[in-house]
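Visitor: Right, I'll just put the structure down here and ask away after.
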Amino acid sequence: MRLARSVLLLTFLAVGAFAVVDALADATQTRPDHQAAGTRTEIVIEVETRRYRQDVTTAAEALWATCSATVSSHLVGPGLERLGDDTFRAVVAPGLGEHARKRVLGCLKDLTLDRVRGHVVAVGDSP
């Protein structure tokens, strides 16, 4: 009887451990996105610098270059376009799927480069 309880307990713990590991794997995996051909995603960011040794345009380009590497979409149109003093727009095609959007926006919001921080102002999709 005691052996049966021990086997049952070990089986229960093994199944529980497997379920936890499987749930963590699902939560942290990078999944492929379905990107519709002919769509575009526009991202507007404000770039903030602190004692950055270059101008804000160079900072924005460096930030975009770093974060755009997380997705397979490509910059289209005029490239990284300056809209105002510290505001820039990037248009990528094909449009970003859910997971790619989370990756690139998270990268832009994080302090990815020393002394440079991006603030996402707007994100929109268009055909």
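Counting along the sequence shown from 1, when you hit position 63 you're at 46 in the numbering used here, and nothing is skipped either side.
Here a beta-carbon is modelled for each residue, glycine too, at the ideal position from N, C-alpha and C.
Take residue 24 as the anchor and find which of 89, 99 and 79 has the nearest alpha-carbon.
Guide: The shortest Cα separation from residue 24 among 89, 99 and 79 belongs to 79.
Visitor: Compute the beta-carbon to beta-carbon distance between residue 29 and residue 70, rounded to the nearest angstrom, for a pair I have assumed lies under 8 Å.
Guide: Going by Cβ atoms, the distance from residue 29 to residue 70 rounds to 5 Å, so yes, they are a contact pair.
Visitor: Using only CA atoms, which one of -15, 45, 20 and -4 lies nearest to residue 110?
Guide: Looking at the Cα atoms, 20 is the closest of the given residues.
Visitor: Count the other CB atoms within 10 Å of the CB of residue -13; is the residue buried (16 or more) or exposed (fewer)?
Guide: The residue is exposed, with fewer than 16 neighbouring Cβ atoms inside 10 Å.
Visitor: Using the rule of at least 16 other Cβ atoms within 10 Å of the residue's Cβ for burial, across every protein chain shown, is residue 73 buried or exposed?
Guide: Buried, because 16 or more other Cβ atoms sit within 10 Å of the Cβ of residue 73.
Visitor: So does the region 83 to 90 actually touch the region 35 to 45, counting three or more Cβ pairs closer than 8 Å?
Guide: Because the criterion of three Cβ pairs below 8 Å is not met, the region 83 to 90 and the region 35 to 45 do not touch.
Visitor: So for residue 57, helix, strand or coil by DSSP?
Guide: Note: residue 57 maps to strand in three-state DSSP.
Visitor: Indicate the three-state DSSP secondary structure (helix, strand or coil) for residue 78 in the structure shown.
Guide: Residue state, collapsed to three classes: coil.
Visitor: Using a beta-carbon distance below 7 Å, is residue 98 in contact with chain D?
Guide: Although the question refers to chain D, the structure presented lacks it and comprises just one protein chain.
Visitor: Which stretch, first to last residue, makes up the alpha helix (DSSP H) that contains residue 105?
Guide: Looking at the DSSP string, residue 105 is not in any alpha helix (DSSP H); the run it does join, the beta strand (DSSP E), is 99 to 109.
Visitor: Assuming residue 75 contacts residue 58 (C-beta within less than 8 Å), just tell me the rounded distance between them.
Guide: The pair is a contact, with the Cβ atoms about 6 Å apart (cut-off 8 Å).
Visitor: Determine the closest residue to residue 83 out of 33, 41 and 26, with distance taken between C-alpha atoms.
Guide: Comparing Cα-Cα distances from residue 83 to each of 33, 41 and 26, the minimum goes to 26.
Visitor: Quick check on the burial criterion: 16 or more other C-beta atoms within 10 angstroms. Buried or exposed for residue 42?
Guide: Residue 42 comes out buried.
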